[in-house]
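Numbering (full-length UniProt numbering), first residue to last: 1 to 337. Positions of the beta carbon are idealized from the N, C-alpha and C atoms, including for glycine.
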């Protein structure tokens, strides 16, 4: 996977990214289109990266209005109402979920090396799993990571579809020194990104998940539509044979963003079984599921309460097969009480 020049975010953030197929000439047709604690202002989760192989312009599913003529006016109005609701829904990225083999060891690495704070833990013995939520600020306003430990499972195949997480920091070199001092693995020492000037470094957590450390200054931004996201920017890099697009629900200097990466000629990725999904808050999971269906999306979990927690969710697959879960905003806040 190419080293990505990720769009600038505030001085310290986390980013996740994804790999994908060629971007359309009109980036607004991408299928997705539509902070830290007070004492830790310099860091936030900014991006994660996944692989995508379907044509990027599947805009109806993730962001733009369904086109074409409806068979009757009533159906057309219903579809338009559903998609208008998506535009006005209160959405933001809540957390990214992935599986780890040693929950306590991973928590220790994230808190001591990356400066995250543990916001909460929960154990669901009847379902044989535990969760830990970490990040750089309160979950009701900041993006977080949700670690999942399944009883008795100590290793996962990360695959080659999931790219990496990104954490924006004020000083990459100092962060790398801390990681080394704590016994962490550094896979790329601090230095300018290939073809650019931004200072980056790469490290790995105890399970082998890659984190890109990015040295960056605050910058503003926006995004697009079918998941209700907005497209922030799309950039083609023919000399390095890859294209990127940045998406999310608000300014990149204050919110987590999604980075899609298309590596020329790659049509399939191994998704592995480590990375699970992203969770997105919504005012109504039932209306969200209806809108996704109208856009031709695949619902893999019908809306309703989650066993053992009672939080209402719905889950779907995007055009590349990546899973996303929509979580009821009110129920999510109840989890934090």
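Between residue 279 and residue 142, how many whole angstroms is the CB-CB distance? I'm expecting something under 8 Å. On the chain shown, position 279 is the one that residue 279 refers to. On the chain shown, position 142 is the one that residue 142 refers to. That belief does not hold up - the Cβ atoms of residue 279 and residue 142 are roughly 13 Å apart, past 8 Å.
Using the rule of at least 16 other Cβ atoms within 10 Å of the residue's Cβ for burial, across every protein chain shown, is residue 144 buried or exposed? Sequence index remark: in the chain shown, residue 144 carries index 144 (1-based). Per the 10 Å Cβ criterion, buried.
For the alpha helix (DSSP H) that contains residue 145, what are its first and last residues? As a position in the chain shown, residue 145 is number 145, starting the count at 1. From DSSP, residue 145 is part of no alpha helix (DSSP H) but of the beta strand (DSSP E) over 144–150.
7 Å CB neighbourhood of residue 264 in its chain, flanking five on each side removed: As a working note, residue 264 is residue 264 in the chain shown. Contacts found: 241 and 242.
My output table needs one value for residue 205: the three-state DSSP class, helix, strand or coil. Numbered from its first residue, the chain shown carries residue 205 at position 205. The answer is coil: DSSP assigns residue 205 none of H, G, I, E or B.
Tell me, to the nearest whole angstrom, how far the beta carbon of residue 103 is from that of residue 149; I am working on the premise that it is less than 8 Å. Working through the chain shown from its first residue, we reach residue 103 at position 103. Working through the chain shown from its first residue, we reach residue 149 at position 149. Going by Cβ atoms, the distance from residue 103 to residue 149 rounds to 4 Å, so yes, they are a contact pair.
For residue 199: DSSP bridge partner residues: Residue numbering aside, residue 199 sits at position 199 when the chain shown is read from its first letter. In DSSP, residue 199 forms a bridge with 192.
Can you tell me whether residue 90 is buried or exposed? The criterion is at least 16 other CB atoms within 10 Å of its CB, across all chains shown. For this step, residue 90 is matched to residue 90 along the chain shown. Counting Cβ neighbours within 10 Å, residue 90 comes out exposed, since fewer than 16 surround it.
Would you decide whether residue 183 is buried or exposed? Buried here means 16 or more other CB atoms lie within 10 Å of its CB. As a first step, residue 183 is located in the chain shown; it is residue number 183 there, counting from the start. Exposed, because fewer than 16 other Cβ atoms sit within 10 Å of the Cβ of residue 183.
Could you work out which residue in 310, 207, 306 and 277 is closest to residue 325 when comparing CA atoms only? Here residue 325 is taken as the residue at index 325 of the chain shown, counted from 1. Measuring from the Cα of residue 325, the nearest candidate turns out to be 277.
Would you identify the three-state DSSP class for residue 309, choosing helix, strand or coil? Residue 309 sits at position 309 when you count from the first residue of the chain shown. In the structure shown, residue 309 sits in coil (DSSP, three-state: anything other than H, G, I, E or B).
Output yes or no for whether 7 Å exceeds the beta carbon distance between residue 338 and residue 249. Residue coverage of the chain in this structure runs from 1 to 337, which leaves residue 338 outside it and unanswerable.
Inter-stretch contact at 8 Å, needing at least 3 Cβ pairs: the segment 266–274 / the segment 178–196: no
Going by DSSP, which residues form a beta bridge with residue 134? In the chain shown, residue 134 corresponds to position 134, counting from 1. In the DSSP output, where bridge partners are listed per residue, residue 134 has 118 and 145.
Could you give the DSSP three-state label for residue 336: helix, strand or coil? Counting from 1 along the chain shown, the entry for residue 336 is found at position 336. Coil, per DSSP.
Using 7 Å as the threshold, is the C-beta distance between residue 163 and residue 49 below it? For the purposes of this step, residue 163 is taken as residue 163 along the chain shown, with counting starting at 1. For the purposes of this step, residue 49 is taken as residue 49 along the chain shown, with counting starting at 1. Cβ atoms of residue 163 and residue 49: closer than 7 Å.
Rounded to the nearest angstrom, how far is the Cβ of residue 314 from that of residue 288, given a contact under 8 Å? The count along the chain shown starts at 1 and reaches residue 314 at position 314. The count along the chain shown starts at 1 and reaches residue 288 at position 288. Correct: roughly 6 Å between the Cβ atoms.
Ignoring anything shorter than 3 residues or poking outside the segment 264–309, list the beta strand (DSSP E) runs there in chain order. 275–282 and 298–305
When you compare each of 188, 318 and 192 to residue 204 by their alpha carbons, which one comes out closest? For the purposes of this step, residue 204 is taken as the residue at position 204 of the chain shown. That would be 188, whose Cα lies nearest to the Cα of residue 204.
Consult DSSP for residue 160 and reduce its assignment to one of helix, strand or coil. Against the chain shown, residue 160 aligns to sequence position 160. Coil.
Residue 296 to residue 170, Cα distance in whole Å? By one-based count along the chain shown, residue 296 stands at place 296. By one-based count along the chain shown, residue 170 stands at place 170. Going by the C-alpha atoms only, they are around 42 Å apart.
For the candidate residues 238, 237, 172 and 247, whose alpha-carbon lies nearest to that of residue 211? What you label residue 211 is simply residue 211 of the chain shown in a count that begins at 1. Selected option, being the one with the closest Cα: 172.
DSSP puts residue 213 in a beta bridge; with which residues? Against the chain shown, residue 213 aligns to sequence position 213. Its beta-bridge partners are 167 and 201.
Would you call residue 260 buried or exposed, if buried means 16 or more other Cβ atoms sit within 10 Å of its Cβ? Looking up residue 260 in the chain shown gives position 260. Residue 260 comes out buried.
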